[in-house]
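> Structure below; questions to follow.
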Amino acid sequence: MNGASKPLGRRLLPYGLLGPGLLWLTLFFVIPLYFMARLSLESGTLETGFQFTWEWSNFSDAITTYDEQFIRSFIYAGVATLIALVIAYPLAYAIAFRGGRWKNALLFAVVAPFFTTYLIRTIAWTTILSDDGVVVDVLKAVGILGDDGRLLATGTAVIAGITYNFLPFMVLPIYASLERLDPRLIEAAKDLYSSSRTAFLKVTLPLSAPGIVAGTLLTFIPAAGDYINAIFLGSTNQHMVGNVIQGLYLNLRDYPMAAALSFILMAVIMLMVVIYIRFAGSEALMGEEEEAR
Amino acid sequence: MSLRGVTKRFGEFTAVDSIDLDIREGEFFTLLGPSGCGKTTTLRMIAGFEEPNAGEILVGGEDVAGLPAHKRPTNTVFQSYALFPHLTVRDNVAYGLKRKRVDKAEIDERVKAELERVGLANEANRKPNQLSGGQQQRVALARAVVNLPKVLLLDEPLGALDLKLRKGLQLELKRIQQEIGITFVYVTHDQEEALTMSDRIAVMNRGVVEQVDNPVEIYERPTTTFVAGFIGVSNLMPGVVRSLSGEKAEVELEAGVTISADANGLGTGERCHAVVRPEKLYVAPKGMPAPELAADAQSVDGVVTSSVFLGTATQLVVELRGGARMTVLYLNTDEAKRQELPGGGADVTLSWTPEHIHLVRESGTERATADHEALARERADAA
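In the order they appear, the protein sequences are chains A and B.
Note that numbering that gives the first Met the number 0 numbers the first sequence so that position 74 is 73, with each residue one more than the last.
Note that numbering that gives the first Met the number 0 numbers the second sequence so that position 2 is 1, with each residue one more than the last.
In structure tokens, the structure reads:
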């Protein structure tokens with residue numbers, strides 16, 4: 000039976016299934032995006048009203064004025080993603096291969112923080128890292144922090160907060176890719192003269208690469224646009240591009256500039272993701288054997 | 000290669016109970032037994048995936064029991080193949096040689112030759128999931144053989160394939176083994192496969208080795224009821240040894256007759272079973288001697304309970320006094336004679352020539368320990 004002779008209802012079914020999602024995306028993503036794009040090219044003030052004038056200078060001004068926050072956003076997000084990866088991989092590995100009957104309990108522990116809202120969790124960190132808190136006391140005692148040293152209102156605190164908040168997004172995809180891995184493959188590698196270390200590098204790591212790619216994207220993308228951690232754990236010196244956009248909208252009411260900044264952020268993230276996936280999807284990262292030893 | 004008193008326990012369960020095996024160089028050696036008999040555990044201990052609780056594993060005179068898998072001169076073909084899904088066929092096969100830091104030109108050459116041997120030269124750039132089951136099996140074989148191990152371990156390598164493919168690959172495996180002359184240790188639960196391919200077979204049951212011998216001996220002269228039953232059709236007539244005269248034992252069978260056969264080390268008063276293979280039994284109406292047999296033929300009476308036409312043969316089941324069921328296989332070479340075969344319910348006489356009856360011991364864990372003690376004593380004596 001070919002497609003044309005199928006009953007009409009059957010042929011329309013895929014569109015019917017797509018419908019609700021498509022409608023949702025159109026209403027709440029495509030249309031707002033259009034208004035945002037339009038707004039980013041307007042000029043004027045809230046008092047005098049905004050006019051659409053193809054005001055491209057909004058974009059160049061945004062970059063020159065807020066380059067510092069832009070660069071900081073990507074540095075913070077990048078460092079936090081790396082730290083999260085370093086913490087999450089061994090954690091996911093331990094749960095997947097050594098979890099035994101505690102596997103589900105451990106996974107629950109990873110997800111448990113989500114039962115409290117993001118905001119509250121971050122505010123809790125202000126207590127943990129406060130000047131008279133335990134962490135600062137200990138760090139002072141062992142001499143890592145000076146006598147007047149502090150953690151709050153530093154880049155360290157903001158990065159720590161971001162790492163903490165996005166860690167589960169790193170753990171879960173890596174866990175999923177390791178969990179699927181057939182332990183016989185590791186035995187086969189060892190049978191073929193690989194030490195445990197070589198077996199990990201040649202078999203386990205390449206086969207968990209999809210999890211690593213997914214985890215880093217799920218961490219890096221929201222982290223780059225985050226502003227909550229910088230508000231509570233940092234000062235104006237730690238402000239990220241998210242804070243700037245928030246300030247432009249809510250305090251300065253410079254909507255066109257805020258919209259332009261949002262678009263630049265979106266474009267830069269998309270560019271970085273495309274480059275990253277290109278690289279990650281290439282044979283080099285997927286463990287191709289070519290001269291890798 | 001030798002195993003000496005190798006034992007593996009998982010908690011309370013003894014998977015492999017102090018087994019001794021001597022495997023000759025270049026031999027196709029099969030570990031045969033039902034699932035849970037310890038054959039795979041034995042193989043995994045040789046490969047280095049399991050640590051034995053006791054015993055020595057000697058490969059080329061060297062004890063490898065303490066070595067990790069990657070330092071052993073063995074390679075494994077896994078039941079599920081365990082091919083690396085992220086690598087091409089070529090890189091899968093080259094994997095072991097690369098770890099051994101073999102010269103690149105030599106790797107290319109050996110991998111190419113090995114892929115040609117298994118008929119996959121054109122699939123070298125494919126990924127394993129693009130291959131059929133039979134092709135994956137060949138890649139798994141090539142990946143192991145290319146390293147020229149001292150011993151190649153195969154864990155039910157044909158288990159996942161359909162019957163027709165299995166038959167073809169059995170012969171191919173045997174051919175490759177003869178061609179390269181590597182010692183194969185082959186694990187299977189399929190007795191036919193074991194008989195087809197092996198130089199020698201070790202039949203395992205409940206963690207012990209019941210018998211080690213070549214396929215013909217295993218089939219024709221099993222030494223225990225387990226071996227007799229696991230290889231081929233179980234045709235066992237229980238009985239008791241009444242007297243011994245020289246090498247011969249007089250055995251009173253529960254079916255009501257007394258027969259004479261090789262004692263096989265049985266003692267007076269010992270319970271045993273008499274085995275006759277189905278194709279060596281002759282069936283005739285009760286009281287009529289089988290005309291094919293000589294005067295010294297032995298016989299026993301029974302009742303036919305079923306008769307099934309199998310194509311090349313007709314299979315009859317005859318129940319003896321005492322309840323033993325004997326399977327008789329009549330080759331359908333003469334249609335007229337086949338039609339004269341007694342049907343269900345008929346009283347018949349089963350007969351056989353004395354050289355085809357064979358006495359076996361009862362299998363059981365007690366006997367196994369007794370055997371092991373006897374072996375230990377022998378060894379102590381030898382030393």
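C-beta: ideal position from N, C-alpha, C; glycine also.
By how many angstroms is the C-alpha of Leu180(A) removed from the C-alpha of Glu278(B)?
49 Å
> Starting from Pro284(B), follow the beta strand (DSSP E) in both directions and report where the run begins and ends.
281 to 284
> Check whether the segment 265 to 277 of chain A and the segment 217 to 228 of chain A touch, using three or more Cβ-Cβ pairs below 8 Å as the test.
yes
> Please list, in chain order, the chain A residues whose beta carbon lies closer than 8 Å to that of Lys285(B).
By Cβ distance, chain A contributes nothing, its closest Cβ being about 58 Å from Lys285(B), past 8 Å.
> Within the same chain, show all residues whose beta-carbon is closer than 7 Å to that of Thr326(B), passing over the 5 residues directly before and after it, in chain order.
Val232, Asn234, Pro277, Gln314, Val316
> With DSSP run on the structure shown, which of helix, strand or coil describes Met169(A)?
helix
> Taking Glu24(B) as the reference, which of Glu113(B), Leu82(B), Asp90(B), Gln176(B) has the closest Cα?
If we check each option's Cα against that of Glu24(B), Gln176(B) comes out closest.
> On the CB-based measure, 16 or more other CB atoms within 10 Å of its CB, does Gly238(B) come out buried or exposed?
buried
> For chain B, is any of its Cβ atoms less than 8 Å away from the one on Tyr88(A)?
Not one chain B Cβ lies under 8 Å of Tyr88(A).
> Would a C-beta distance cut-off of 8 Å place Val302(B) and Asp346(B) closer than the cut-off?
yes
> In angstroms with no decimal places, state the Cα-to-Cα distance between Phe168(A) and Val240(A).
22 Å
> Can you check DSSP and say which residues form a bridge with Leu2(B)?
Leu20(B), Ile56(B)
> By alpha-carbon positions, which one of Pro89(A), His238(A), Ala213(A) ends up nearest to Glu67(A)?
It is His238(A).
> Thr116(A) by DSSP, collapsed to three states: which one?
coil
> Using a Cβ cut-off of 8 Å (strictly closer), state whether Asn59(B) contacts chain A.
Going by the sequence as given, residue 59(B) is Gly instead of Asn. For Gly59(B), the answer is no, since every Cβ of chain A falls outside 8 Å of its Cβ.
> Which value, in whole angstroms, describes the spacing of the CA atoms of Asp198(B) and Ser350(B)?
32 Å
> Quick one: measure Cβ to Cβ for Ser362(B) and Thr224(B), integer angstroms, because I've assumed they're closer than 8 Å.
5 Å
> Give a yes or no on whether the minimum CB-CB distance between Lys102(A) and chain B is below 8 Å.
Not closer than 8 Å to any Cβ of chain B, the Cβ of Lys102(A) fails to qualify, so no.
> Considering only the alpha carbon of each residue, which of Asp300(B), Ala193(B), Val226(B) lies closest to Val282(B)?
Asp300(B)
> Can you list, in chain order, the residues of its chain whose CB lies under 6 Å from that of Glu251(B), leaving out five sequence neighbours each side?
Gly238, Val239, Arg241, Thr257.
> Give me whichever residues DSSP pairs with Arg324(B) in a beta bridge.
The partner list for Arg324(B) (beta bridge, DSSP) reads Glu318(B).
> Residues in the segment 64 to 75 of chain B with C-beta within 9 Å of chain A's C-beta atoms, listed in sequence order?
Pro67, Ala68, His69, Lys70, Arg71, Thr73, Asn74, Thr75
> Using C-beta distances below 7 Å, list every residue in its chain close to Lys7(B), excluding the 5 sequence neighbours before and after it, in chain order.
Excluding its 5 nearest sequence neighbours in each direction, Lys7(B) has C-beta neighbours in its own chain below 7 Å: Ala14, Val15, Thr40, Met44, Glu49, Pro51, Asn52, listed in chain order.
> Does any residue of chain A bring its CB to less than 8 Å from the CB of Arg109(B)?
no
> For Gln461(B), collect the residues of the same chain with a Cβ closer than 7 Å to its Cβ; drop the 5 residues on either side in sequence, then sort them by chain order.
With chain B covering only 0 through 382, there is no way to say anything about residue 461(B).
> Can you give me the Cβ contacts of Leu292(B) inside the same chain, cut-off strictly under 7 Å, excluding the 5 residues immediately before and after it?
Tyr281, Ser350, Thr352
> Using a 10 Å radius around the Cβ and a threshold of 16 neighbouring Cβ atoms, would you call Ala266(A) buried or exposed?
exposed
> Where does Asp310(A) sit, in a helix, a strand or coil, going by DSSP?
Nothing can be reported for residue 310(A): it is not among the residues displayed for chain A, which extend from 0 to 292.
> Which bits of chain B does Glu54(A) rub up against, with CB to CB less than 9 Å?
Those do not exist, as Glu54(A) stays about 50 Å from chain B at its closest Cβ, beyond 9 Å.
> Compile a chain-ordered list of the residues in the segment 188 to 221 of chain A whose CB is closer than 7 Å to at least one CB of chain B.
Lys189, Asp190, Leu191, Tyr192, Ser193, Ser194, Thr197, Val202, Pro205, Leu206
> Can we say the segment 126 to 135 of chain A touches the segment 148 to 163 of chain A, given the rule of at least three CB pairs closer than 8 Å?
Yes, the segment 126 to 135 of chain A touches the segment 148 to 163 of chain A.
> Any C-beta of chain B sitting closer than 8 Å to the C-beta of Glu178(A)?
no
> With 16 as the cutoff for other CB atoms within 10 Å, does Pro13(A) come out buried or exposed?
Counting Cβ neighbours within 10 Å, Pro13(A) comes out exposed, since fewer than 16 surround it.
> So Ile211(A) and Leu84(A) are in contact, right, with Cβ under 8 Å, and what is the actual spacing, rounded?
7 Å
> In angstroms with no decimal places, state the Cα-to-Cα distance between Lys38(B) and Asn228(A).
59 Å
> Mind listing the chain B neighbours of Arg97(A)? Cutoff is C-beta to C-beta under 9 Å, in chain order.
Simply none; closest approach about 17 Å.
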